[in-house]
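Beneath this line is the structure, given in structure tokens, with notes to follow.
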Amino acid sequence: MKKNEINICGLAAVRARFLRDASSVVRLYFDRATSRKIGAMCRALAATRRVYRCVEAAELVRIADSVHHGGIVAVVEDSVPRTPAASDIAEWARRRENLVVLDRVGNAHNLGAIARSAAFFGVPRMVIAGDPASARPGAAAYRVAEGGLDALEVWRVQEIAPLLAALSASGYDVVGAAARGGSGGGPGARRAAPWALVLGNEEGGLAPAVAAACSRLATIPGSGRVESLNVSAAAAVLIHELIGRGGRR
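Below you can see the structure in the form of structure tokens.
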């Protein structure tokens, strides 16, 4: 596999990639059971003389480098997430489009699960940190996202706090998820504003500068038997709450 290629596994994820950017699919491998479900994909690849092949189970595991391949592996050309300019942020605000911001979320499975929830609820984009500890969209994240990473835009910034300041200046309600010390899980008073939900690192939460740049912090009340929810579960709960009070887009 070339350096700029990644694997996307699972039928839902592969279908989502074909719908968004079929030209990025370089090769396609699948087992016999899955072959009956992907005729249109194979015809598209044949028309452009790209490789598609039915392989045995052991070969599919080798190609996927995982037993969790879901019967199909697409080898795709990876793309580097873009960095938003001031004009991008202004346009998002003008269209009143919500977004999710990840402050050093380091686990690829959490990244994929958050993308899946965001896509499920219709959030159009997600911004991740450029910090080396941050998870990037890759094979594991795409598999867990079940098509979510191709159903929304993924952007990247080197520093999260300046992005939040720019979002706030553009009229966004910037809501930081906090394990403790925030208000209840709902979004509060600024219902007319588009919102940006900020989720922190699995171990350390939001960086102090990031928390300070939020309009406010939200804490999901629980029983107290465990300290907090997994970040991907918290994302789903908070997105649902924000959408319920602030609108779907």
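Here this note's numbering is used: the first residue of the sequence shown is 75, the next is one more, and so on.
Note that the Cβ used here is the ideal one computed from N, Cα and C, for glycine as well.
Values in this document were obtained by computation on a predicted structure and should not be read as measured data.
Report buried or exposed for residue i, applying the criterion of at least 16 other Cβ atoms within 10 angstroms of its Cβ.
i      : result
His29  : Since the first residue of the chain shown is 75 and the last is 323, residue 29 is not available in this structure.
Thr122 : exposed
Gly84  : buried
Ala214 : buried
Val231 : buried
Pro42  : Here the chain comprises residues numbered 75 to 323, so residue 42 is not present and cannot be evaluated.
Ile82  : buried
Ala239 : exposed
Gly256 : buried
Pro236 : exposed
Met115 : buried
Ser97  : exposed
Asp224 : buried
Glu220 : buried
Leu93  : exposed
Asp139 : exposed
Ser161 : exposed
Asp95  : exposed
Asn304 : exposed
Gly145 : buried
Gly186 : buried
Pro158 : buried
Asn275 : buried
Along the chain, where does the alpha helix (DSSP H) that runs through residue i open and close?
i      : result
Tyr103 : Note, Tyr103: premise wrong, no alpha helix (DSSP H); beta strand (DSSP E) at 99-104.
Val250 : One point to set straight first is that residue 250 is Gly, not Val, in the sequence displayed. Counting along the chain, Gly250 falls outside any alpha helix (DSSP H), though it belongs to the beta strand (DSSP E) covering 247-251.
Val88  : 85-95
Arg168 : 160-168
Gly298 : Note, Gly298: premise wrong, no alpha helix (DSSP H); not H, not E.
Ser242 : 234-243
Arg119 : A quick correction: the sequence has Leu, not Arg, at residue 119. Start and end: 113-121.
Who does residue i pair with in a DSSP beta bridge?
i      : result
Arg127 : Tyr103
Glu79  : Glu151
Ser257 : Ala292
Gly279 : Asn275
Ala40  : Only positions 75 to 323 of the chain appear in this structure, which leaves residue 40 out of reach.
Ile146 : Phe104
Arg156 : Trp229
With residue i as the anchor, note down where its beta strand (DSSP E) starts and where it stops.
i      : result
Val218 : Taken as a continuous stretch (DSSP letters only), Val218 belongs to no beta strand (DSSP E), being part of the alpha helix (DSSP H) at 213-219.
Glu227 : 227-231
Compare the C-beta of residue i against all C-beta atoms of chain C and say whether one is closer than 9 angstroms.
i      : result
Ser153 : No chain C appears in this structure, which consists of one protein chain only.
| query | Would the region 174-186 and the region 146-153 be scored as touching if the rule is three or more Cβ pairs under 8 angstroms? | reply | A contact is defined here as three or more CB-CB pairs under 8 angstroms, and the region 174-186 fails this definition with respect to the region 146-153.
| said: Quick test of the definition: if touching needs 3 or more C-beta pairs under 8 angstroms, does the region 249-258 touch the region 273-291? | reply: Counting C-beta pairs closer than 8 angstroms gives three or more between the region 249-258 and the region 273-291, which meets the contact rule.
| field | Every unbroken beta strand (DSSP E) inside the region 173-203 [3 residues or more] | value | 173-176, 199-203
| Three or more C-beta pairs closer than 8 angstroms, one from the region 195-212 and one from the region 296-304: is that the case here? | no
| said: Check whether the region 122-140 and the region 160-180 touch, using three or more Cβ-Cβ pairs below 8 angstroms as the test. | reply: Three or more beta-carbon pairs separated by less than 8 angstroms are not found between the region 122-140 and the region 160-180, which leaves the two stretches without contact.
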